[in-house]
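Structure first, then comments.
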Amino acid sequence: MNNAEKIRFDAIVVGAGLAGSAAAMVLAREGLNVALVERGQKPGGKNYFGGAIYTHAIAEVLPDFMERRPPFERPVTEAGFWFLAEDGLTRATVQGGKLDVEPADAYITLRADFDPWWAEQAQDVGAFLIPKTTVVDFIRDPAGQVIGVQTDRPQGDIYAPVVIICEGVNNLLTQKLGLIDHDLEPSHVALAFKQVISLPAETINARFGLPDNDHGLAVSVLGDVSLGLPGMGFVYTNKKSVSVGLGMMLDKLAEYRLRPYDILQRYLEHPAIAPLVKDGQLLEYGGHLIPEGGYRDMPQLYTGGAMVAGDAASMVNALHWEGTNMAIIAGKLAAETAIDAHERGDFSAQTLSAYESRLREGFILKDLKQYRNFAKFLETHPEFMDVYPDFLNDALGQFFSAYGKPKRELFQNIFGALTHRRPLFRAVGDMISMTRSVMGL
Ligand SMILES: Cc1cc2nc3c(=O)[nH]c(=O)nc-3n(C[C@H](O)[C@H](O)[C@H](O)COP(=O)(O)OP(=O)(O)OC[C@H]3O[C@@H](n4cnc5c(N)ncnc54)[C@H](O)[C@@H]3O)c2cc1C
105 MNNAEKIRFD AIVVGAGLAG SAAAMVLARE GLNVALVERG QKPGGKNYFG GAIYTHAIAE
165 VLPDFMERRP PFERPVTEAG FWFLAEDGLT RATVQGGKLD VEPADAYITL RADFDPWWAE
225 QAQDVGAFLI PKTTVVDFIR DPAGQVIGVQ TDRPQGDIYA PVVIICEGVN NLLTQKLGLI
285 DHDLEPSHVA LAFKQVISLP AETINARFGL PDNDHGLAVS VLGDVSLGLP GMGFVYTNKK
345 SVSVGLGMML DKLAEYRLRP YDILQRYLEH PAIAPLVKDG QLLEYGGHLI PEGGYRDMPQ
405 LYTGGAMVAG DAASMVNALH WEGTNMAIIA GKLAAETAID AHERGDFSAQ TLSAYESRLR
465 EGFILKDLKQ YRNFAKFLET HPEFMDVYPD FLNDALGQFF SAYGKPKREL FQNIFGALTH
525 RRPLFRAVGD MISMTRSVMG L
């Protein structure tokens, strides 16, 4: 192929997920000729999450997003934790106040609907979507700088002076480029699996205490959901369905030879969960990996001619279920860096290092650094998955029961319920460790 026949763009974005379509949108809006390459039949075809998507991030890329009628399910108007014991449930959720705003801070979403719409916004400003195409390698100049990609199509090489890699958790290309020298450790990756269960909207509203279809619930579930192993469940109310699932670390699933569908089935049959999904029809069942290593697993974020954003760069805060917002904003910042590089006509690693500086100014790297020990904390403190949720149910159950005995006895019983499960000095140590891991100390 001679030079004139080569397929050339100003930028190539790999993966039409949240990071990729955000990057393509920002680049195309600036008038650059962008190829957005997606291996799925269409954007969203390969994607699966909980989940809720955050409007602060969408607005940074697409300020008038509400006018463009995004395919949201419900706004998150109630959020928090549910603590599940074997025979009980404690709910700690918040509603109203900061959650009662328009547009909402977060919307419950199904990726099969959202991702095509998100990619369409990039196409509307001129990005060229190339679906059903997998990027398999890079094209480099003699000095090793990335100057394009090889795809799985015949004569599928595409050239551009800058490539933004938004390939998601299976970061094979990031590894190929040498930005990270190892595959993700099974102890740093969660396998999340869920069912989407169809129910009439009125049934969902009645069962979850939602006044109407413009209200939605998003909760993380701790306790009798992950068999005492590091993991967390979730429940999201869609318009006419409920998403129920959980994420558990891959190494534990392998070590204990656990089958994800058995654990999910057990969770769905829990006496506090089963009535919520009773008589529902299974619409979807699926699983997806979550890179939970965060800061510890972050690759080098740029090299000559290329940058990496989103899950491919381990940009996930597992405690807060934040990954979508990091992906969208990282995609945007990579695109802005690529635009600057075009203005300078310089795509060297030094110029693209501005991407990391941009990330450092915002919340992404700050948060990931702060939470860098959180995954390790969960791994070494399984008590938070069974002992404490169980104690909480027991303690609150006692507190709100009128025993007809002096209250001093009640408090002694509650204290005993704790120390019977966990010696006091260990419980104090656990709380200090949790605070330290969340505060990044
Ligand atoms: C069960 C579950 C629940 C979650 N819940 C939440 C939540 O409630 N809130 C939240 O903020 N985050 C949540 N997350 C995390 C969130 O989904 C991710 O952080 C986010 O999707 C990352 O976006 P991304 O663009 O980096 O990657 P992805 O969305 O995974 O997109 C990657 C894209 O690249 C494509 N691709 C990959 N390789 C190639 C290739 N070689 N060539 C071409 N295309 C390629 C893929 O097909 C895909 O479309 C959850 C994750 C899971 C699994």
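All you need for this note's numbering is the position in the sequence shown, starting with 1, plus 104. All C-beta atoms in this analysis are idealised placements derived from N, C-alpha and C, irrespective of residue type, glycine included. Since we're looking at a predicted model, the values are computed, not measured.
message = Let me check one thing: in DSSP terms, what residues is R244 bridge-paired to?
response = V250
ask   = So, does the CB of T237 fall closer than 8 Å to a CB anywhere in chain D?
value = Given the protein chain composition of this structure (a single chain), no chain D is represented.
task = Could you check how far apart the C-beta atoms of Q199 and E182 are, in whole angstroms? I think they sit under 8 Å.
result = 4 Å
query = Beta carbon of L295, beta carbon of L393: below 8 Å?
reply = yes
query = Skipping 5 residues on each side, what residues in its chain have a beta carbon closer than 6 Å to that of L214?
reply = none
query = Mapping DSSP to helix, strand and coil, what is S457?
reply = coil
message = Taking only three categories from DSSP, how would you classify S291?
response = helix
ask   = What distance in whole Å lies between the Cβ atoms of I268 and V117, which are believed to be in contact at a cut-off of 8 Å?
value = 5 Å
query = So what does DSSP say about M352, is it helix, strand or coil?
reply = strand
query = Just curious, the alpha helix (DSSP H) that W221 is in, first and last residue?
reply = 215-228
C-alpha gap between V165 and A431, whole angstroms = 12 Å
key: Secondary structure of A378, DSSP reduced to three states   = helix
query = Excluding five sequence neighbours on each side, which residues of the same chain lie with their C-beta closer than 7 Å to the C-beta of G144?
reply = K150, P235
message = If the criterion is Cβ atoms closer than 8 Å, does the pair P395 and D355 meet it?
response = no
inquiry  = Can you check which of these residues, P304, E483, K110, is closest to N317 by C-alpha distance?
reply    = P304
key: Option nearest G320 by Cα separation, candidates I301, M535, E487, D204   = D204
ask   = CB of K298 to nearest heavy atom of ligand 1: below 7 Å?
value = yes
request  = Go through its chain and collect everything with a Cβ distance to Q227's Cβ below 7 Å, but skip five positions before and after it.
outcome  = L233
task = Give the secondary structure of T407 by DSSP, where H, G and I count as helix, E and B as strand, and everything else as coil.
result = strand
ask   = What residue does the beta strand (DSSP E) around T197 start on, and which one ends it?
value = 192-199
Proximal residues to Y280 (C-beta, below 8 Å), its chain only, five neighbours per side dropped = Reading off the sequence, residue 280 comes out as Lys, not Tyr. Contacts found: D241, F242.
inquiry  = Less than 7 Å separating the Cβ of G121 from some heavy atom of ligand 1?
reply    = yes
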